[in-house]
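Novice:
Numbering (this note's numbering), first residue to last: 307 to 624.
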């Protein structure tokens, strides 16, 4: 538990669809563990011998995050090796975009609705990029991992999970041509960071819907020395060894990674949802300006919706 942190104090945009944009961020990718300690950042290791998932709470016992330990079983280790190998193959199969988060290639696929899209649709990718990512989505190790992640989500935050399922069902009912990455996880988007040295600079993701994103690390690196997930708003860093997974609100918290060794490798995959897709569903597919003019009584719910959001998405642990 973090005694000074209250998740409900993180700023949302009107209606609660997005996190608040950040400006003036020091976008560095060269911080090591020693600098964190010097800056007073507290380092946490949530791995445990029981392999138990660890809910992460704020001062009011709201579940702002979840840590999933490395699966140390023989099957789990085999899956992680296969997932890592598939990332390596995809990384070298085509040219990837610069995602602006660090010195590595990025691929993204799924269902989104942002500026420039007239309706929920698929991110722009070349045929080779789509084919490379589809090989990952079709891989049985990745499917099994997505299934286990979904079970953990339902277990530790069922109301947030249902919120995502409801929006996915609404979009599936309206459109039969959308590309959903996973049969189990209801999140709309997955981003692959192809490395070979994924170290993200300081950033938040305000266009994401401000609920949990699940980040999983792969590769060969010393997690005691590098690859930490640093949460600058909270003054903490959490070790994330290869095969571990952390869930947190990517739109609300400024986060980055510590550097890894010169000859080490690190890849990562993150699933999340576009805030615009939720806005589309709850506004009935209408543009905000038209919706608010046509339905002024409903538009007044924007203020109340943002307030109710916290109890639905980040319930108190009991």
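The beta carbon of each residue, even a glycine, is placed where N, CA and C say it ideally should be.
All of these numbers come straight from a predicted model, not from anything done at the bench.
In terms of residue numbering, what span does the alpha helix (DSSP H) encompassing residue 374 cover?
Specialist: Per DSSP, residue 374 belongs to no alpha helix (DSSP H); it is in the beta strand (DSSP E), 369 to 374.
Novice: Going by DSSP in three states, residue 572 sits in which element: helix, strand or coil?
Specialist: strand
Novice: Could you check what DSSP says for residue 555 in three-state terms: helix, strand or coil?
Specialist: Residue 555 falls in the strand class under three-state DSSP.
Novice: For a quick check, are the C-beta atoms of residue 263 and residue 499 less than 9 Å apart?
Specialist: Past the edges of the chain, shown from 307 to 624, lies residue 263, and the structure says nothing about it.
Novice: If you reduce the DSSP assignment to three classes, tell me which class residue 579 lands in.
Specialist: coil
Novice: For the candidate residues 612, 621, 623 and 619, whose alpha-carbon lies nearest to that of residue 318?
Specialist: 612
Novice: Put residue 349 into one of helix, strand or coil per three-state DSSP.
Specialist: Look at residue 349 here: in three-state DSSP terms it is strand.
Novice: Pick from 387, 437 and 532: whose alpha carbon is nearest that of residue 350?
Specialist: 532
Novice: Mind checking whether residue 549 and residue 524 have CB atoms under 9 Å apart?
Specialist: yes
Novice: Quick check: the Cα distance between residue 573 and residue 501, rounded to an integer number of angstroms?
Specialist: 5 Å
Novice: With respect to the beta strand (DSSP E) encompassing residue 561, which residues constitute its N-terminal and C-terminal limits?
Specialist: In this chain, the beta strand (DSSP E) harbouring residue 561 covers 561 to 563.
Novice: Using only the alpha-carbon positions, how far apart do residue 369 and residue 394 sit?
Specialist: 34 Å
Novice: State the CB to CB distance for the pair residue 510 and residue 328, rounded to an integer number of angstroms; the pair is presumed to be in contact (CB under 8 Å).
Specialist: 5 Å
Novice: Pull the bridge partners of residue 448 from the DSSP assignment, please.
Specialist: In DSSP, residue 448 forms no bridge with anything.
Novice: Alpha carbon to alpha carbon, what distance is there between residue 517 and residue 322?
Specialist: Residue 322 and residue 517 have their C-alpha atoms some 10 Å from each other.
Novice: Report the three-state DSSP secondary structure of residue 503 (helix, strand or coil).
Specialist: Residue 503 falls in the strand class under three-state DSSP.
Novice: Where does residue 571 land, buried or exposed, given buried means 16+ other C-beta within 10 angstroms?
Specialist: buried
Novice: Which residue or residues does DSSP assign as beta-bridge partners of residue 414?
Specialist: 497
Novice: Just curious, the alpha helix (DSSP H) that residue 464 is in, first and last residue?
Specialist: DSSP places residue 464 in the uninterrupted alpha helix (DSSP H) bounded by 464 to 480.
Novice: Classify residue 474 as buried or exposed, calling it buried when 16 or more other Cβ atoms lie within 10 Å of its own Cβ.
Specialist: buried
Novice: Going by the CB atoms, is the gap between residue 522 and residue 576 shorter than 9 Å?
Specialist: yes
Novice: Which residue or residues does DSSP assign as beta-bridge partners of residue 512?
Specialist: According to DSSP, which records beta bridges pairwise, residue 512 is partnered with nothing at all.
Novice: Under 9 Å, Cβ to Cβ, is there at least one residue of chain D near residue 417?
Specialist: The structure shown contains no chain D, having only a single protein chain.
Novice: Going straight from the alpha carbon of residue 435 to that of residue 515, what length do you get?
Specialist: Taking the straight line joining both Cα atoms gives about 25 Å.
Novice: Report the three-state DSSP secondary structure of residue 527 (helix, strand or coil).
Specialist: Residue 527 carries a coil assignment under DSSP once its states are collapsed to helix, strand and coil.
Novice: Where residue 488 and residue 495 are concerned, what is the direct C-alpha to C-alpha distance, given to the nearest angstrom?
Specialist: 9 Å
Novice: Considering only the alpha carbon of each residue, which of 536, 545 and 555 lies closest to residue 562?
Specialist: 536
Novice: Leaving out five residues before and five after residue 407 in sequence, what residues of the same chain have Cβ atoms less than 8 Å from its Cβ?
Specialist: 499, 506, 507 and 509
Novice: Beta-carbon separation of residue 431 and residue 415 under 9 Å?
Specialist: yes
Novice: Anyone know if the C-beta pair for residue 342 and residue 544 falls short of 9 Å?
Specialist: no
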